[in-house]
Amino acid sequence: MQWDYFFDQVLSHRDALLQGTAVTIGVSLSAIVAGTLLGIAIGVAVTYGIKPLRWPARAYIDIIRGTPVLVLVLATFYISSAVGLDLGAFQAGVLALTLFCASHVGEILRGALQALPRGQIEAGRAIGLTFGGIFRHILFPQALRYALPTWITAAVEMVKASTLLSVIGVAELLLTTQQIISNNFLNMQFYLLAGLIYFLIDFAIEQVGRYVGRRLDRPARRTT
């Protein structure tokens with residue numbers, strides 16, 4: 001009877017669950033995309049930038065990676081209000097996760113770029129390429145192969161970290177689940193359902209990453 005009641009509750013709260021899932025996906029994807037773009041710039045600055053760029057980028061990576069995500073979320077939410085930025089809970093949460101994701105992507109890309117032979121830059125310059133062309137056509141495609149598995153892990157971590165936005169009132173999947181449980185007290189069943197949804201989101205990210213990895217491997221296999 002309890003499981004029948006659970007399925008009835010799922011049906012009656014399906015709109016809230018779908019909305020919470022959509023918010024979780026929206027927060028996670030926004031942070032992953034924006035954090036990846038910012039992280040690429042930071043990784044390039046740390047690896048190839050001049051000292052006035054390299055040192056602040058290195059400090060950013062070390063400080064943000066060493067800060068707990070919950071502290072970063074709370075700081076972004078409350079400090080943005082204190083300095084006059086009109087950010088809602090959703091925007092502040094996305095910004096916090098973006099900053100955190102960028103620090104990880106920057107460090108991942110730095111390691112991948114430093115694993116490449118330095119002579120490739122000189123070879124690119126010898127054929128008349130600018131640094132932008134060398135990075136776009138030579139360095140980044142190779143570094144991406146090294147970085148992709150770790151990037152997938154970082155992307156999955158962003159989905160997990162999105163649960164922390166519930167503390168600032170973002171109605172993502174976890175907060176929505178807790179609100180539903182407060183009405184029907186079906187703790188185990190709804191937490192299992194939420195866990196399954198999180199697993200499916202993470203699984204989808206991993207599959208997309210593996211697909212991209214296979215696409216990147218094809219040219220390498222043709223040249224061997």
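The sequence shown begins at 1 in full-length UniProt numbering and counts up one residue at a time. C-beta: ideal position from N, C-alpha, C; glycine also. Quantities reported herein were computed from a predicted structural model and do not represent experimental measurements.
DSSP state of threonine 224 mapped onto helix, strand, coil: Looking up residue 224 in the sequence shown gives position 224. Annotation note: pLDDT 46 at threonine 224 (below 50); position unreliable, no value reported.
8 Å contact criterion, which glycine 93 and valine 73 should meet: CB distance rounded: As a first step, residue 93 is located in the sequence shown; it is residue number 93 there, counting from the start. As a first step, residue 73 is located in the sequence shown; it is residue number 73 there, counting from the start. Correct: roughly 6 Å between the Cβ atoms.
Run of the alpha helix (DSSP H) containing glycine 88, from where it starts to where it stops: Reading the sequence shown from its first residue, position 88 is the one you call residue 88. First-last for glycine 88: undefined, no H or E at that position.
With 16 as the cutoff for other CB atoms within 10 Å, does serine 30 come out buried or exposed? Against the sequence shown, residue 30 aligns to sequence position 30. With 16 or more Cβ atoms within 10 Å of its Cβ, serine 30 is classed as buried.
Whole-angstrom distance between alanine 126 and leucine 200, CA atom to CA atom: Numbered from its first residue, the sequence shown carries residue 200 at position 200. Numbered from its first residue, the sequence shown carries residue 126 at position 126. Between the C-alpha atoms of leucine 200 and alanine 126 there is a straight-line separation of about 48 Å.
Using only alpha-carbon positions, find the residue among Leu192, Gln142, Val159 that is nearest to aspartate 202. As a working mapping, residue 202 is identified with position 202 in the sequence shown. Closest option to aspartate 202, Cα to Cα, is Val159.
Helix, strand or coil: which one does DSSP assign to histidine 137? Position 137 of the sequence shown holds residue 137. Note: histidine 137 maps to helix in three-state DSSP.
Closest to valine 208 by CA distance: which of Val167, Ile152, Pro52 is it? Numbered from its first residue, the sequence shown carries residue 208 at position 208. Checked all of Val167, Ile152, Pro52; the closest Cα to valine 208 is Ile152.
Have a look at Ala75, Gly132, Leu175, Asn187 and flag the residue whose alpha-carbon is nearest the alpha-carbon of leucine 95. Within the sequence shown, the letter at position 95 stands for residue 95. Taking only the C-alpha atoms, the option nearest leucine 95 is Ala75.
Relative to the C-alpha of isoleucine 121, which residue among Gly111, Gly133, Arg110, Ala112 is closest? Taking the sequence shown and counting its residues from 1, one reaches residue 121 at position 121. Minimum Cα distance to isoleucine 121 is reached at Gly133.
Determine whether the beta carbon atoms of alanine 143 and alanine 112 lie at a separation below 8 Å. The count along the sequence shown starts at 1 and reaches residue 143 at position 143. The count along the sequence shown starts at 1 and reaches residue 112 at position 112. For the 8 Å CB-CB criterion, alanine 143 and alanine 112 form a contact.
Member of Gly106, Ser80, Ile32 whose CA lies at the smallest distance from the CA of proline 56: Within the sequence shown, numbered from 1, the residue matching residue 56 stands at position 56. When the alpha-carbon of proline 56 is set against those of Gly106, Ser80, Ile32, the nearest one is in Gly106.
With isoleucine 197 and phenylalanine 190 assumed to form a contact (beta carbons below 8 Å), what rounded beta-carbon distance in angstroms separates them? One-based indexing of the sequence shown puts residue 197 at position 197. One-based indexing of the sequence shown puts residue 190 at position 190. In this structure, isoleucine 197 and phenylalanine 190 do not form a Cβ contact; the two beta carbons are roughly 11 Å apart against a cut-off of 8 Å.
Tell whether a beta-carbon distance below 8 Å holds between leucine 97 and valine 167. Looking up residue 97 in the sequence shown gives position 97. Looking up residue 167 in the sequence shown gives position 167. Contact flag unset, no.
For the alpha helix (DSSP H) containing residue 253, name the first residue and the last one. Not covered by the structure: residue 253. The range shown for the chain is 1 to 224.
Note down, in chain order, each residue of its chain lying with its Cβ closer than 7 Å to the Cβ of threonine 47, except the 5 sequence neighbours on either side. Start at 1 with the first residue of the sequence shown, and residue 47 comes out as number 47. Correct list, in chain order: Arg110, Leu113, Gln114.
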